[in-house]
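Colleague: This is the structure I have questions about; it appears just below.
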Amino acid sequence: MKTTKVFQLSALSQNDNGAADGSKIFCEITKITNGSLRTGSFPINKEVHLTTPPGQDGSGPTPTWFLIPDNDISNTSFELQISCPSDSNYPTTSITVKASDVQIWAAIPYNDRDNQIYQGGEYGVFGFAQEGPNGLIYTVTAGVLNPQLQG
435 MKTTKVFQLS
445 ALSQNDNGAA
455 DGSKIFCEIT
465 KITNGSLRTG
475 SFPINKEVHL
485 TTPPGQDGSG
495 PTPTWFLIPD
505 NDISNTSFEL
515 QISCPSDSNY
525 PTTSITVKAS
535 DVQIWAAIPY
545 NDRDNQIYQG
555 GEYGVFGFAQ
565 EGPNGLIYTV
575 TAGVLNPQLQ
585 G
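Using our numbering, the letters of the sequence shown map in sequence onto residues 435 to 585.
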């Protein structure tokens, strides 16, 4: 029996001291390409609060979306926006995460890879790719003070 690989996207807030108030950051998946969401995914086209710290102290689960590809997983993608509606100074960040890029990033040995930095400074947002037993996994982390390249 053939098992379909899934493209998983998770989003969380690190809520670093000195960064924007990470407890008020939201993520919205604005588009998925070449697939459908599996049951258990968070909603799309709706702002989802990024919990801090994720999964601890009753903050709830980390927002996660599971994209089942229509055909080849490398043709799938997520488009998302990170925002802070309660802070007009917080810049909205639009990100497209393509499975084809995640495959390349995840293939690099762990100690040799870099995070993908989408926004630096006080309003930091970065992403990290990996390949799991059920497919590709990409995690976006907001609320980071001056995100750094890994390594």
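Here a beta-carbon is modelled for each residue, glycine too, at the ideal position from N, C-alpha and C.
At which residues does the alpha helix (DSSP H) containing Ser-457 begin and terminate?
Modeller: Counting along the chain, Ser-457 falls outside any alpha helix (DSSP H), and DSSP gives it neither H nor E.
Colleague: Determine the extent of the alpha helix (DSSP H) in which Gln-653 is found, giving its start and end residues.
Modeller: Because the chain in this structure spans residues 435 to 585, residue 653 falls outside the shown range and cannot be described.
Colleague: I need the straight-line Cα distance from Gly-566 to Ile-538, nearest angstrom please.
Modeller: Each residue's alpha carbon lies about 14 Å from the other.
Colleague: Nearest to Phe-512 by alpha carbon, out of Ile-466, Thr-573, Pro-495 and Gly-494?
Modeller: When only C-alpha atoms are compared, the closest one is Ile-466.
Colleague: Quick one: what does DSSP say Glu-565 is sitting in, helix, strand or coil?
Modeller: In this structure, Glu-565 counts as strand in the three-state DSSP scheme.
Colleague: Please state whether the Cβ-Cβ distance between Gly-577 and Ala-445 is less than 8 Å.
Modeller: Result no, Cβ atoms of Gly-577 and Ala-445 do not sit closer than 8 Å.
Colleague: Rounded to the nearest angstrom, what separates Leu-501 and Lys-458 at their Cα positions?
Modeller: Their Cα atoms are separated by approximately 26 Å.
Colleague: Run through the DSSP bridge pairs and tell me what Gly-558 is partnered with.
Modeller: DSSP output for Gly-558 lists Val-578 as bridge partner(s).
Colleague: Between which two residues does the beta strand (DSSP E) holding Gln-553 run?
Modeller: Where Gln-553 is concerned, the enclosing beta strand (DSSP E) stretches over 550-553.
Colleague: Find the nearest neighbour of Asp-521 within the set Ala-540, Ile-529 and Glu-556, judged by alpha-carbon distance.
Modeller: Ranking Ala-540, Ile-529 and Glu-556 by Cα distance to Asp-521 puts Glu-556 first.
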